[in-house]
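Reading through the structure tokens given below for one structure.
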Amino acid sequence: MEVLVLCAKTVLACVLIVAGSAKLADPASFATTVRLFIPFRAAWPLLSAIAIGVSLGELAVGLASLTIPAITALNALVFAITCAFVGVSALGYAFHRGRSCRCFGALSQRKFDAAGVLRSAVIAGIAAVALAHVGAAALQLDATARVLLIAAAGLLALAAFTAARVRGPGSEPEPKVVAQ
Amino acid sequence: MLLASSFVVVALVFCMATVLALFGVTHVSMSGAEAIERDGLAPGIHAPVWSLVDSTSKAVHSPPRTGLQLIMFTDHSLKAFPSVVDGLREVMARERLEIVVLTRRRNELAEPVLRLLGLDGIPVLTGSPSLYAAYNVRVTPFAIFVDSAGRVRASSLVNYDWQVTKLLQLADLPLESENLAPRGRFWRRTAGAGV
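Pasting the structure below:
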């Protein structure tokens, strides 16, 4: 059971690192999604700041969850974040159906749809599993292990950032040229 | 201790698997027809600013001072695309449209061949691989329309005349506000008009 919980914790950390890094590679694109959820007409710098803040937050929580697993409060924070994902997906499905969610920056072309709400719920479910108690011994890391995890997390963040940059911003599909 | 080691192993395995998955996804996205559809720049993006001199020592600027500018990314190989040449001839008559041919590198054959094809009056400019990269253009012939504000209005690979004229129609459409990105950085990708 403990291994299952640790797997859930690791998966969520990876998801957050990838999502945060990918969004950081393309904050302007994610800012357009942020704009969908701001009830007032916000200036572009504010939208960009929110987009970058959200991305950095995801990345920081993911990195911390992976490299400092002993802080159990992070599990609750991750669960709260995943619940926020469910809320955003549901709101997006209700009010902005079919628009790009840019949840993973340019890495994914997912849109606000029912499947997206389901995916978010599954992620929240995994986060709930990660909330389960794990013996302190299972979360103790020696210096070598911590360095290894930091290196792996850094590599993962770099890979996600680079992949998102290569794929470019996930903009809305434009009308295609059709045969006459 | 065993569980602690398990956590490290599981975490490392997940990280490496995710890195490999990212590599695979990126590799797939960079190859094939789907990738070519994403070449060019998305409408609303600020296009690179440049000034180049043609064979008559006349300076050509991008963005144009007025109207639209059609930048054709091609060289003498355009002779293999007679339909595109027809399309260019068709839009040449359009007012307030400046057409320029931008080659990837110096090509002695480019201008004579293009003149032979009847594309007189179109400046042939020697660009560079980095300029092509700035426009996110890998394959030719590729067409990008830029307005006088320096924003991309339409971009796509073109193989037929109707594609050139259709792109011109798309270029005339007003830009959606959502596509207007702030000036300051260049995005490599377009959701562009796949042809």
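As you go down the protein sequences, you meet chains A and B in turn.
Residues 1 to 180, numbered by the numbering used here, are exactly what the first sequence covers, in order.
Residues 1 to 195, numbered by the numbering used here, are exactly what the second sequence covers, in order.
Note that beta-carbon positions come from the ideal geometry of N, C-alpha and C, so glycine has one too.
Check: Could you check where the alpha helix (DSSP H) with serine 89 of chain A kicks off and where it finishes?; Outcome: 73-95
Check: If you draw a straight line from the alpha carbon of glycine 44 of chain B to that of tyrosine 135 of chain B, how long is it in whole angstroms?; Outcome: 13 angstroms
Check: How would you list, in chain order, the residues of chain B whose beta-carbon sits under 8 angstroms from the beta-carbon of leucine 82 of chain A?; Outcome: The amino acid occupying residue 82 of chain A in the given sequence is threonine; leucine does not appear at that position. Within 8 angstroms Cβ-Cβ: nothing; threonine 82 of chain A doesn't reach chain B, min ~17 angstroms.
Check: For valine 34 of chain A, collect the residues of the same chain with a Cβ closer than 8 angstroms to its Cβ; drop the 5 residues on either side in sequence, then sort them by chain order.; Outcome: Leu47, Ile50, Ala51, Val54
Check: I need the DSSP call for alanine 59 of chain B, collapsed to helix, strand or coil.; Outcome: strand
Check: Would you report the Cα separation of leucine 139 of chain A and alanine 11 of chain B, rounded to the nearest angstrom?; Outcome: 12 angstroms
Check: Is there a C-beta anywhere in chain B that falls below 7 angstroms from the one on threonine 72 of chain A?; Outcome: no
Check: Quick check on aspartate 26 of chain A: buried or exposed, where buried means 16 or more other Cβ atoms within 10 Å of its Cβ?; Outcome: buried
Check: Count the other C-beta atoms from every protein chain shown that fall within 10 angstroms of the C-beta of lysine 111 of chain A, then say buried if there are 16 or more, exposed otherwise.; Outcome: buried
Check: Assign serine 28 of chain B to one of two classes, buried (16 or more other C-beta atoms within 10 Å of its C-beta) or exposed (fewer than that).; Outcome: Residue 28 of chain B is actually valine in this sequence, not serine. Classification of valine 28 of chain B: exposed, given that the 10 Å Cβ count is below 16.
Check: Considering only residues of the same chain and omitting the five flanking positions on each side of arginine 94 of chain B, which have a CB-CB separation below 8 angstroms?; Outcome: Leu168
Check: Looking at chain A, is there any beta carbon in it that lies within less than 7 angstroms of the beta carbon of leucine 68 of chain B?; Outcome: no
Check: At a CB-CB cut-off below 8 angstroms, which residues of chain A make contact with leucine 12 of chain B?; Outcome: Leu148, Leu149, Ala152
Check: Lysine 79 of chain B and valine 113 of chain B - do their beta-carbons sit closer together than 7 angstroms?; Outcome: yes
Check: Using a C-beta cutoff of 7 angstroms, does serine 83 of chain B count as contacting chain A?; Outcome: no
Check: Terminal residues of the continuous alpha helix (DSSP H) containing threonine 32 of chain A?; Outcome: 27-36
Check: With a threshold of 7 angstroms between beta carbons, is leucine 77 of chain A in contact with chain B?; Outcome: no
Check: Can you list the residues of chain A that methionine 30 of chain B reaches, using a CB-CB cut of under 9 angstroms?; Outcome: Val166, Arg167
Check: Flag this pair as yes or no: are the beta carbons of threonine 165 of chain B and glycine 40 of chain B separated by less than 7 angstroms?; Outcome: no
Check: So, with DSSP's three-state summary, where would you put alanine 8 of chain A?; Outcome: helix
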